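One structure is given here, and the rest of the page talks about it.
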């Protein structure tokens, strides 16, 4: 029915429009995904005389007996459990305040979004010098008599990962604020007015109107940030630490994949962990789509 | 009666004032934490190394430019040139391919459209670490490693899903009536695409270009794997090396970083409103 309604009904040239773009995407995504799965079941030939051999799940079994891989996985999960909730909390507070359009809110908004356009390598290098043992942060902390807080932020294996999380939050916060603010500005203002007339204070508005209204976008943001924590943190770790150090305290999956594929030439480990990464991200997306479907039924 | 009203009025007023004060306080604290690293980078870039060591947190006056001249003595210009070529190549190619695709998805009738759009959108979340190994293996076989074109293709692929999504959402808002009357006037499909849909979607195209430019310009992981030779390094890869190279002279590093973010900050400040609006329409249905 809808097809018939289209003013361009009967034109069959759509293939000309979709093919060029699809070719690029098929090459970059479809081919790569199939090939990486295939490679993960293979022992790649290391010399000319050898041939690739099918080894089944061996690569995966070996992978789970590797301590660095387990460490990397743990670190990604730690980030996933800590960073998104903090981001959501801060974004809700900031966007709710900005929504009140207090004086200068546009300037605040521009500033909050600014880190989002800065490159992670740049941000990472700057923070490396801020976090240095004798860097600016510790100098300031010492000068206001907070010596006990003057830690070796990136050099201490127990806190290096958390220091990186601080930088990630610094960088990612703006995106959440903008998303939530956009959603808020599309809510019917009368809902707020009505509640205010009924005597609801700022916190009550936040608790009973703002947050429920933001539910869908909060879920979206959490999923996006969860995926980011699993598969887009390489840049931070690579720039801010010496190869996932100290020790393996800041190893993460992407770093483990890169190291094994491009430094140690252990393709089996690299491709198997890449497949695991892909499966976990896809699972998250799938979960989110299911959640959304259920929500649609609830609201429609 | 009158008195009581007066008191509640004053209490309300005070509460209001306190509330507003608290809000400003929270925002100011957040903005200080956001600006602090930027402040540190800017003041350090205009210092000598000695000044950095002695007075780490106050700006140097008069500002010193030796950091910048030293930064430019390296391969900075080469890196910037490479970044410009790679970024503009992939962003233009992707925007072109995406607008063709989005036009078909938004306005041309064919079966399986929704499914196709859904699959394309889901590609947005595929991690670069997953695709880079097969791409690298294939690219080394056909000579596309250490080749600008090879990198441009990968970047184009990486930014296509978002571009298609954003542009499709926007193209859908072009009214069918305009297209209908154009069909009656005898326009070909391509003319409709070029003259009507593209012209009406300039803000969306602009947003798409800005978002993707920022993404590609700032990308490190793919660039450092596909473009390893010194002549082809992009700015981000260069900066990662730069740090170890000038480790003893922090103002030089900060000057380099400052130069490298300048184009994106200018782009952001000039296109801020369009960018934010575009991002919102892009994600609204997400």
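Chains as they are written, first to last, in the working numbering: chain A, 1 to 300; chain B, 1001 to 1286.
Ideal placement from N, C-alpha and C gives every residue a C-beta, glycine not left out.
Source: prediction; values computed, not measured.
- Cβ-Cβ distances below 8 Å link residue 234 (chain A) to 252, 254, 255, 258 in the same chain, with the five nearest sequence neighbours on each side left out; the list follows chain order.
- Residue 1149 (chain B) sits exposed, since fewer than 16 C-beta atoms from the chains shown fall within 10 Å of its C-beta.
- For residue 1181 (chain B), the closest alpha carbon among the candidates B:1075, B:1142, B:1192, B:1144 is that of B:1192.
- Secondary structure note for residue 124 (chain A): its alpha helix (DSSP H) is the uninterrupted segment 120-131.
- Along the region 1256-1278 of chain B, going in chain order, the ones with a CB nearer than 7 Å to a CB of chain A are 1257, 1260, 1261, 1264, 1265, 1268, 1272, 1276.
- Three or more pairs of CB atoms, one per stretch, sit closer than 8 Å, so the region 259-270 of chain A contacts the region 58-72 of chain A.
- Residue pairing by DSSP places residue 43 (chain A) opposite A:53 in a beta bridge.
- Residue contact check for residue 1017 (chain B) against chain A: no CB pair falls below 9 Å.
- Listed in chain order, the non-local C-beta contacts of residue 142 (chain A) below 8 Å within the same chain comprise 150, local neighbours out to five positions each way being set aside.
- Of B:1116, B:1229, B:1103, the smallest CA-CA separation from residue 1167 (chain B) is found for B:1103.
- Put simply, the CB of residue 1079 (chain B) is far from chain A, with every gap to its CB atoms at 9 Å or more.
- When the alpha-carbon of residue 1140 (chain B) is set against those of B:1119, B:1225, B:1121, the nearest one is in B:1225.
- Less than 9 Å divides the Cβ of residue 102 (chain A) from the Cβ of residue 1020 (chain B).
- In this structure, residue 278 (chain A) places its C-beta atom within 9 Å of the C-beta atom of residue 1126 (chain B).
- Out of B:1053, B:1069, B:1274, B:1048, the CA that lies nearest to the CA of residue 178 (chain A) is found in B:1274.
- The region 102-115 of chain A makes contact with the region 1027-1034 of chain B; the number of CB pairs closer than 8 Å reaches 3 or more.
- Judged by DSSP secondary structure, residue 213 (chain A) falls within the alpha helix (DSSP H) whose first and last residues are 211-231.
- The beta carbons of residue 1154 (chain B) and residue 1135 (chain B) sit closer together than 9 Å.
- The beta-carbon distance between residue 1157 (chain B) and residue 27 (chain A), rounded to whole angstroms, is 7 Å. This is short enough to meet the 8 Å contact definition.
- Interface criterion not met: the Cβ of residue 1149 (chain B) is under 9 Å from no Cβ in chain A.
- Counting only the Cα atoms, residue 1270 (chain B) lies some 15 Å from residue 1205 (chain B).
- Against chain B, the CB of residue 78 (chain A) has no partner CB under 9 Å away; the residue lies outside that interface.
- In the DSSP assignment, residue 67 (chain A) falls within the alpha helix (DSSP H) that extends over 67-99.
- Taking the Cα positions, residue 51 (chain A) is about 29 Å away from residue 1227 (chain B).
- Under the DSSP assignment, residue 108 (chain A) falls in the alpha helix (DSSP H) whose first and last residues are 105-117.
- DSSP places residue 1133 (chain B) in the helix class (H, G or I) of the three-state scheme.
- Residue state for residue 59 (chain A) is assigned as helix, using DSSP reduced to three classes.
- The C-beta of residue 1229 (chain B) comes no closer than 9 Å to any C-beta of chain A.
- Among the residues of chain A, those whose CB is under 7 Å from the CB of residue 1041 (chain B) are 126, following chain order.
- Interface residue (Cβ-Cβ distance to chain A less than 9 Å): residue 1186 (chain B) is not classified as such.
- Each of A:215, A:174, A:138 was checked against the Cα of residue 90 (chain A), and the nearest Cα belongs to A:174.
- Nearest CB-CB separation between residue 25 (chain A) and chain B: below the 9 Å threshold.
- Counting along the chain, residue 183 (chain A) sits inside the alpha helix (DSSP H) bounded by residues 160-185.
- Counting C-beta atoms within 10 angstroms of its own C-beta, residue 1052 (chain B) has 16 or more neighbours from the protein chains shown and is therefore classed as buried.
- By the Cβ rule, the region 197-207 of chain A does not count as touching the region 218-237 of chain A, because fewer than three pairs are nearer than 8 Å.
- Between residue 214 (chain A) and residue 92 (chain A), the CB-CB gap stays under 9 Å.
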